Amino acid sequence: MKLGRLFVIAAPSGAGKTSLVKALLAQEPGLQLSVSHTTRPRRPTEADGREYHFVGVAQFQELVARGEFLEHARVFDNQYGTSKGFVEQQLSSGHDVILEIDWQGARLVRAAMPACVSIFLS
Numbered sequence: 222m223k224l225g226r227l228f229v230i231a232a233p234s235g236a237g238k239t240s241l242v243k244a245l246l247a248q249e250p251g252l253q254l255s256v257s258h259t260t261r262p263r264r265p266t267e268a269d270g271r272e273y274h275f276v277g278v279a280q281f282q283e284l285v286a287r288g289e290f291l292e293h294a295r296v297f298d299n300q301y302g303t304s305k306g307f308v309e310q311q312l313s314s315g316h317d318v319i320l321e322i323d324w325q326g327a328r329l330v331r332a333a334m335p336a337c338v339s340i341f342l343s
């Protein structure tokens, strides 16, 4: 079976990552979005598991300690992380995966998975 490809969309906050990713997902229904974990509070329009997996600081630190993140970073006093298990499972099943992350996380993903396709918006 062919392995999937990992696409990393990175940009500073407000540069248009979310808009680009939504357009890509609408065009490519087979593309899998990796939903990040975060310690930031959920906004009223957000649903757990759709925009983010919302977790407390202690739970986030447990996930870090168990090595469950492909990358994790602190951004604006909140923590964000990408599930290593989800990404690896999707790629090994032949699915292409897209990550919408900040530049800190993108740097870590490129180091861990140099074959990823990185796109930086400025």
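What the sequence shown shows, in our numbering, is residues 222 to 343, in sequence order.
For each residue, glycine too, the CB sits at the ideal point set by N, CA and C.
Bear in mind that the values here come from a model prediction, so they are computed numbers and not experimental data.
Are the Cβ atoms of residue i and residue j separated by less than 8 Å?
i       : j       : result
His-293 : Gly-302 : yes
Lys-238 : Leu-329 : no
Arg-263 : Asp-269 : yes
Leu-320 : Ser-255 : yes
Val-242 : Cys-337 : no
Gly-251 : Gln-311 : no
Since residue i and residue j should fall inside the 8 Å C-beta cutoff, what is the C-beta to C-beta distance between them, to a whole number of angstroms?
i       : j       : result
Ile-322 : Ser-240 : Going by Cβ atoms, the distance from Ile-322 to Ser-240 rounds to 15 Å, so no, they are not a contact pair.
Ala-231 : Ser-339 : 7 Å
Going straight from the alpha carbon of residue i to that of residue j, what length do you get?
i       : j       : result
Arg-331 : Leu-227 : 10 Å
Arg-295 : Thr-259 : 9 Å
Glu-283 : Ser-313 : 25 Å
Ala-327 : Pro-265 : 28 Å
Gly-288 : Gln-253 : 22 Å
Pro-335 : Lys-223 : 18 Å
Val-278 : Arg-271 : 19 Å
Leu-245 : Ala-286 : 33 Å
So the candidates are the options; which of them puts its Cα closest to the Cα of residue i?
i       : options                               : result
Asn-299 : Tyr-273, Leu-254, Ile-319 and Val-318 : Tyr-273
Leu-291 : Leu-245, Phe-307 and Pro-265          : Phe-307
Gln-325 : Glu-309, Glu-267 and Phe-297          : Phe-297
Shorter than 7 Å, the distance from the beta carbon of residue i to the closest heavy atom of the ligand MG, or not?
i       : result
Gly-302 : No copy of the ligand MG appears in this structure; indeed no ligand is present at all.
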